[in-house]
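Colleague: Under the numbering used here, the first residue of the first sequence carries the number 14, and numbering increases by one thereafter.
Below is one structure. I have some questions about it.
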Amino acid sequence: MADGSSFYITTPIFYVNDVPHIGHAYTEVAADVIARWHRQAGEDTWSLTGTDEHGQKILRTATANGVTPQEWADKLVADAWVPLLETVDVANDDFIRTTEPRHEQNVQKFLQKLYDDGHIYTGEYEGYYCVGCEEYKQESELVAGTGEYEGQLVCAIHSKPVELLHEKNYFFRTSAFAERLLALYEERPDFVQPESARNEVLGWVRSGLADLSISRSTFDWGVKVPWDETHVVYVWFDALLNYITAVGYGQDDEEFARRWPAQHIVGKDILRFHAVIWPAMLMAAGLEVPRGVFGHGWLLVGGEKMSKSKLTGIAPEQITDVFGSDAFRYYFLSAISFGQDGSFSWEDLAARYQAELANGFGNLASRVIAMVTRYCEGVVPSAGALTEADLEISAIERRATEDSWAAIERLAVHEAIAAAWELVDALNGYLTAEEPWSLAKDPAKRERLETVLAVAYHGLGTLAVLLSPVLPKATAKLWTALGAPGTVQGQRIDRAHEATLGERVSALEALFPRVEVAE
RNA sequence: GGGGCGGUAGCUCAGCCGGUCAGAGCAGUGGACUCAUAAUCCAUCGGUCACGGGUUCAAGUCCCGUCCGCCCUACCA
């Protein structure tokens, strides 16, 4: 079904000046689960993440800290962003930094091509400039002045009048691609997902596109515009190109052909850049547009979008230190309908950890391993004659396998987990109904006992495979305890119910130990 | 100002193109069971589907309006 085909997935690249919070980690984890799932389905998978290191903000903070912008970026990448991936257990294939030669050189090639082909022109950017902030302001950032500045627009931060400045800039003819973009959205209704994001994008494009200013000459921390080195490429234009420079654009045609196009996973706040400007850039360069752009929702804390300024920003380690990376991954991807906004609360996290991971899955694994150990001396029994209940479990294993994979292909991560979880619930119910502990008391029921345990053991093996993209650590432990060959990540997830398991179980520590009430 | 999304049981949310749509999980309550991480299983309490109109044989489900919340509004990413 999925053998060999190419699957390339990306996250946005992190702006290194930000502080990592669970929103960043959420995006990473979502893309990682999808990537792992495709990889385990036998696809030629590539997952990319990285960092965006150019721009005035970084130059400014680096200067303020007395180091070069490159040194500043190096430090943030090493201290904050690479560690974030470890914290939430992301298995990316590549990590691109926009300051790497493979990126900068090919951004220039791309830009030169667009320039040569007439998609870029020289224009004049006009905007309100605040001397205090040293940057241009949007009108929404300005307020009416009072007192001596009555009647003038002033900066909301400094309450001083802003100046209307003009600056020579290079512009990309985004507007020339409006019709082709609309045709794209029309032909491929799933190009922008979810539906709500698509509608929003349609609205923007229909209401008209303005050309994008893509260069700056007021600072120099960026990729130089090849035909005019007094300008550097505007940060967004630079950043978006990471998706192709990372897979060989401009220097390795074979690799590029193998990977591109990508499925982009982004937060809905940057949908405009990914679903409108980016495809337009690619069209201009004569390249294929992305496979799709998925805009996920916000994490809400106390009903509002999480943010540092409102002190609702939460560092991922705060969660993983207490519950572990598996729980982090499971919680955000199962509790939130992927694409929708989701509420985060410690109470909800703790409750789901306890009810679903500890009591549901963890305890199931524990009781099955314990009974095989206790009643069969650890030797995995083989099934005898099968009853209707046994066959029903087999059917659910198959259904969970098929449904979860189908959901992943639609990027419905939460549905995939829910489909797999039906097997958790079914197995717990099966054990209660079949009562192997009662069968064990009667030697005459030995065959039935072994059959029940064999069925439960097999179901647990299927679960280990199905949940491995979401719970890599716990399922690896479980796989070992099941005595199954190879690694759980090495098993075909699209055929999880057919996995080859083992012959002897070994002790299994609690997969999700009880956690003392946090906060 | 313009635009988007949302307001469904205590909590978090499903409900696609109108007709068993009034649901799930958690929490609560009652019971069963003991293999297991005081876990599991069964049953059960619980909602004027924000409000007001309208269309229709029939509306959380479509239309209009109101209120409330969040977000976007184009160069900080």
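Backbone N, C-alpha and C define an ideal beta-carbon position, used for all residues, glycine too.
Nothing here was measured: the structure is a model prediction, and the numbers come from that model.
(1) For residue 283 and residue 33, which I take to be in contact (beta-carbon distance under 8 Å), what is that distance rounded to the nearest angstrom?
(2) With a threshold of 7 Å on Cβ separation, who are the neighbours of residue 124 within its own chain once the five nearest residues in sequence on each side are excluded?
(3) Mind checking whether residue 275 and residue 21 have CB atoms under 8 Å apart?
(4) Which partner residues does residue 351 have in the DSSP bridge list?
(5) From the DSSP output, in three-state form, read off residue 279 for me.
(6) Roughly how many whole angstroms lie between the Cα atoms of residue 180 and residue 224?
(7) Should residue 14 be labelled buried (16 or more other beta-carbon atoms within 10 Å of its own) or exposed?
(8) Quick check on the burial criterion: 16 or more other C-beta atoms within 10 angstroms. Buried or exposed for residue 450?
(9) Let me check one thing: in DSSP terms, what residues is residue 22 bridge-paired to?
(10) Who are the near neighbours of residue 184 in its chain, counting only those whose CB is closer than 7 Å to its CB and skipping five residues on each side?
(11) If we ignore side chains and look at the alpha-carbon of each, how far apart do residue 312 and residue 100 end up?
(12) List the residues that DSSP assigns as beta-bridge partners of residue 318.
(13) Measure the Cβ-Cβ separation of residue 394 and residue 440 and say whether it is below 8 Å.
(14) Which of the three DSSP states is assigned to residue 525 in this structure?
(15) Can you give me the Cβ contacts of residue 298 inside the same chain, cut-off strictly under 7 Å, excluding the 5 residues immediately before and after it?
(16) May I ask you to report which of helix, strand or coil DSSP gives residue 531?
(17) Within 10 Å of its beta-carbon, does residue 500 have 16 or more other beta-carbons around it, so buried, or fewer, so exposed?
(18) Would residue 515 and residue 503 qualify as a contact pair, given that the criterion is a beta-carbon distance under 8 Å?
(19) Just grab the DSSP bridge partners of residue 206 for me.
(20) Mind pulling the alpha helix (DSSP H) runs of 4 or more residues that sit fully within the stretch 79-146?
(21) Just to confirm the assignment, what range does the alpha helix (DSSP H) spanning residue 260 have?
(22) For residue 373, which of 349, 248, 476 and 61 has the nearest alpha-carbon?
(23) Does DSSP put residue 28 in a helix, a strand or coil?
(24) How many angstroms separate the CA atom of residue 251 from the CA atom of residue 407?
(25) For the beta strand (DSSP E) holding residue 178, just list the boundary residues, first then last.
(26) If we call anything under 8 Å between Cβ atoms a contact, is residue 45 one with residue 104?
(27) Buried or exposed: which applies to residue 111, given that a residue is buried once 16 or more other Cβ atoms fall within 10 Å of its Cβ?
(28) With respect to the beta strand (DSSP E) encompassing residue 455, which residues constitute its N-terminal and C-terminal limits?
(29) Have a look at residue 29 and residue 80 and give me their C-alpha separation to the nearest angstrom.
(30) Note down the Cα distance separating residue 281 from residue 398, rounded to an integer number of angstroms.
(31) Under 8 Å between the Cβ atoms of residue 296 and residue 193?
(32) Here's the rule I'm using: 16 or more other beta-carbon atoms within 10 Å means buried, otherwise exposed. How should residue 96 be labelled?
(33) Going straight from the alpha carbon of residue 301 to that of residue 430, what length do you get?
(34) Report all residues from its chain with a CB closer than 7 Å to the CB of residue 233; omit the five preceding and five following residues, and keep chain order.
(35) Determine the extent of the alpha helix (DSSP H) in which residue 335 is found, giving its start and end residues.
(36) Using a 10 Å radius around the Cβ and a threshold of 16 neighbouring Cβ atoms, would you call residue 176 buried or exposed?
Modeller: Put simply:
(1) Between residue 33 and residue 283 the Cβ distance is about 17 Å, and since that is not below 8 Å, they are no contact.
(2) 238, 239 and 246
(3) yes
(4) 353
(5) strand
(6) 15 Å
(7) With a pLDDT of only 46 at residue 14, under 50, the local geometry of the prediction cannot be trusted, and no value is derived from it.
(8) exposed
(9) 60 and 276
(10) 133, 134, 136, 224, 225, 226 and 227
(11) 18 Å
(12) 313
(13) no
(14) coil
(15) 123, 126 and 127
(16) Because the pLDDT at residue 531 is just 44, under 50, the model does not fix this residue reliably, and the value given afterwards should be weighed accordingly. Looking at residue 531 - three-state DSSP - the assignment turns out to be coil, as it is neither helix nor strand.
(17) exposed
(18) no
(19) 307
(20) 82-89, 95-100 and 114-129
(21) Here residue 260 belongs to no alpha helix (DSSP H), and DSSP marks it neither H nor E.
(22) 476
(23) strand
(24) 51 Å
(25) 176-185
(26) yes
(27) buried
(28) Taken as a continuous stretch (DSSP letters only), residue 455 belongs to no beta strand (DSSP E), as it is neither H nor E.
(29) 15 Å
(30) 53 Å
(31) yes
(32) exposed
(33) 32 Å
(34) 245
(35) 329-336
(36) exposed
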